[in-house]
Amino acid sequence: MRVDISFFSLAITAHTASSFSAVANTREIVFPLKTDQNKDVQVRNVRYAFQELIESTELFVQNSPAQFHDSSCLVPALGADTALQFQQSSPSGMFPHWSTEFVLRVNTNANSDFGWICAKIFEQKELFDAFVDTSGLYDAVVDHYNSLPPHPGFLASSAQLSNSAQLDDLFGGQAFCMDELRDSGFVVLDNGPKSTTAGHSLLDQYLHHKTNQHASIRTDSVHFLSRDEAESCGFQEHYDTLMGIATYLNDNLDMKSSPHIPMNPATQENPLTIPNSIQLAEYAENDFYKAHSDNSLTEKVVSDVGNNDRVRSNFRHYTCILYCNDDWEEEDGGALRLYPHTRNLSNANPAILNGYDFVDIAPKNGRLIIFDSCNIHSVEKVTHKTKKRRALTLWITRPDNSGIEGEQYF
Numbered sequence: 177m178r179v180d181i182s183f184f185s186l187a188i189t190a191h192t193a194s195s196f197s198a199v200a201n202t203r204e205i206v207f208p209l210k211t212d213q214n215k216d217v218q219v220r221n222v223r224y225a226f227q228e229l230i231e232s233t234e235l236f237v238q239n240s241p242a243q244f245h246d247s248s249c250l251v252p253a254l255g256a257d258t259a260l261q262f263q264q265s266s267p268s269g270m271f272p273h274w275s276t277e278f279v280l281r282v283n284t285n286a287n288s289d290f291g292w293i294c295a296k297i298f299e300q301k302e303l304f305d306a307f308v309d310t311s312g313l314y315d316a317v318v319d320h321y322n323s324l325p326p327h328p329g330f331l332a333s334s335a336q337l338s339n340s341a342q343l344d345d346l347f348g349g350q351a352f353c354m355d356e357l358r359d360s361g362f363v364v365l366d367n368g369p370k371s372t373t374a375g376h377s378l379l380d381q382y383l384h385h386k387t388n389q390h391a392s393i394r395t396d397s398v399h400f401l402s403r404d405e406a407e408s409c410g411f412q413e414h415y416d417t418l419m420g421i422a423t424y425l426n427d428n429l430d431m432k433s434s435p436h437i438p439m440n441p442a443t444q445e446n447p448l449t450i451p452n453s454i455q456l457a458e459y460a461e462n463d464f465y466k467a468h469s470d471n472s473l474t475e476k477v478v479s480d481v482g483n484n485d486r487v488r489s490n491f492r493h494y495t496c497i498l499y500c501n502d503d504w505e506e507e508d509g510g511a512l513r514l515y516p517h518t519r520n521l522s523n524a525n526p527a528i529l530n531g532y533d534f535v536d537i538a539p540k541n542g543r544l545i546i547f548d549s550c551n552i553h554s555v556e557k558v559t560h561k562t563k564k565r566r567a568l569t570l571w572i573t574r575p576d577n578s579g580i581e582g583e584q585y586f
């Protein structure tokens with residue numbers, strides 16, 4: 177891929193707000209210098225950081241010795257003429273070293289090239305964090321990933337419990353479970369792995385951060401668990417059970433056909449794929465998650481009668497939630513409120529305002545629910561003063577070429 181260009185510019189200033197702009201064919205990011213430090217020291221440290229950035233990756237290749245006010249490098253992977261220039265600017269009538277601005281600008285018609293460069297710099301943003309505000313870079317990287325298709329997931333058959341007798345036991349070997357999921361859009365199973373007090377105490381170390389969504393939408397704390405983390409807390413069986421469900425569905429569920437071509441690694445025979453982590457979520461007293469869809473409709477049009485001729489937000493196809501709450505009672509709140517047959521609603525309002533039927537599912541220990549990710553659902557407010565509602569969630573994906581573009585990755 178070749179950039180039509182010329183140079184890149186990164187503007188760092190003590191006076192303007194951090195921003196990402198796109199004017200004509202020029203892309204520019206501004207990083208304000210932090211004002212609580214000596215300017216000369218900051219400028220020197222930012223130059224050093226840029227040099228360290230170049231040396232940290234094979235993507236950037238130094239093309240000339242760094243000068244006092246000018247550093248540059250090549251980006252051969254994006255074309256032989258692609259150059260990245262880091263230069264302290266010179267306001268009219270002033271010498272460069274009097275200025276607090278550095279310039280790194282890209283002049284290109286290919287947004288993705290600029291995005292990949294920003295993403296690479298973002299990987300090393302800790303080099304700059306002490307001296308500048310990197311929020312403008314963050315915005316550029318989010319825009320970049322949101323312009324790409326989501327990750328298509330991994331082979332369902334790569335799961336530890338793939339084709340395991342444990343999954344047969346989970347579903348009871350009964351065809352009605354698959355019929356219920358296909359026809360009603362959800363199924364509830366009460367024989368999933370149960371959690372222990374000891375395991376919960378080990379999970380505490382991961383539950384320190386709220387989501388990046390506004391508190392008016394959700395207030396829970398979350399962490400995405402790897403298999404190693406789950407195993408260290410005694411939740412390996414929980415993790416493996418959730419990961420194994422996709423293979424069972426590929427083998428046993430009579431799924432509706434899609435007019436779209438599966439995206440690798442999915443196939444026509446095995447259209448469902450899995451992620452490489454599961455979400456741990458905790459709701460304390462008064463925590464909630466307002467009604468929403470895990471895979472809502474967008475305004476983008478596609479030829480697909482099953483989705484009201486609209487493109488979906490992501491590849492999520494089934495949401496699988498395993499609850500981990502011992503001695504949970506209905507009066508403790510925190511129920512999952514699910515509105516079946518709402519996959520074609522544009523938002524949650526019609527379901528709530530027009531009194532659509534719903535099912536409340538109490539988050540009891542070992543209870544597993546699998547439901548169509550497109551359906552509207554909420555987590556009702558937890559009312560118990562001391563109990564913590566915990567759940568493990570995995571989204572089974574069905575990647576295809578229907579025109580879906582990325583989600584928020586940060």
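Start counting at 1 in the sequence shown, then tack on 176, and there's your number in our numbering.
Built from N, CA and C at the ideal position, the CB exists for glycine as well.
Source: prediction; values computed, not measured.
Under a 10 Å Cβ-count criterion, N577 is classified as exposed, with fewer than 16 other Cβ atoms of the shown protein chains found around its own Cβ. For the set H390, H414, K563, S338, the Cα lying nearest the Cα of C496 is the one of H414. DSSP places D548 in the uninterrupted beta strand (DSSP E) bounded by 544 to 548.
Counted as a single uninterrupted DSSP element, the stretch harbouring Y224 is not any beta strand (DSSP E) but the alpha helix (DSSP H) occupying residues 215 to 231. Between W504 and P539 the beta-carbon gap is near 6 Å, inside 8 Å, which marks them as a contact.
S472 sits buried, since 16 or more C-beta atoms from the chains shown fall within 10 Å of its C-beta.
Excluding residues up to 5 positions away in sequence, F307 lie with their Cβ nearer than 8 Å to the Cβ of Q213 in the same chain. Distance from the CA of I537 to the CA of S397, rounded to the nearest whole angstrom, comes to 20 Å.
DSSP lists Q238, L260 as the beta-bridge partner residues of C249. Cα atoms of L337 and Q455: separation of roughly 19 Å, rounded to the nearest angstrom. According to DSSP, H399 shares a beta bridge with L456. DSSP, reduced to helix, strand and coil, places S408 within a helical segment of the structure shown.
It is roughly 15 Å from the alpha-carbon of Q227 to the alpha-carbon of E299.
Every unbroken stretch of the alpha helix (DSSP H) spanning 4 or more residues and falling wholly within the stretch 310 to 386 is given here in chain order: 311 to 322, 341 to 346, 351 to 360, 373 to 379. Residue R519 holds the alpha-carbon nearest to the alpha-carbon of D359 among R519, Q218, D463. Sequence-distant partners of R513 (beyond 5 residues in either direction) whose C-beta falls short of 7 Å from its own C-beta, in its chain, are F534, D536, H553, S554, E556.
C-alpha of G509 to C-alpha of V558: approximately 4 Å in a straight line.
Annotation for W571: the continuous beta strand (DSSP E) segment containing it runs 565 to 573.
F330 has its alpha-carbon roughly 9 Å from the corresponding atom of L448. The C-alpha of Y424 is placed about 23 Å away from the C-alpha of D404.
The continuous beta strand (DSSP E) containing L514 extends over residues 512 to 515. DSSP places D305 in no beta strand (DSSP E); its state is neither H nor E. In terms of CA proximity to P325, S489 leads the group S489, H384, A524. With a cutoff of 7 Å on beta-carbon distance, F207 and G312 are scored as near each other. About 24 Å separates the Cβ atoms of A467 and I421, ruling out a contact at the 8 Å cut-off. With contacts defined by Cβ atoms closer than 7 Å, I580 and V477 do not form a contacting pair. Counting every other CB atom within 10 Å of its CB across the protein chains shown gives D289 a total of 16 or more, marking it as buried.
Taking C-beta separations shorter than 6 Å and ignoring five residues to either side along the sequence, the partners of H560 in its chain run D508, following chain order. For Y499, the pairing in a beta bridge is given by DSSP as A567. The beta carbons of D463 and T395 sit closer together than 7 Å. Taking 3 residues as the shortest admissible run, the stretch 419 to 484 contains the following complete beta strand (DSSP E) segments, listed from N- to C-terminal end: 454 to 459, 465 to 468, 473 to 477. Taking 7 Å as the cut-off, the beta carbon of S453 is found no closer than this to the beta carbon of F491. Linking H376 to L544 through their CA atoms gives a straight-line distance of about 18 Å. When C-alpha distances from Q389 are compared across L343, Y465, S340, the shortest belongs to Y465. Spanning the alpha carbons of A511 and P526 requires a straight line of approximately 20 Å. The closest CA to that of E461, considering only D416, G291, R565, is found on R565.
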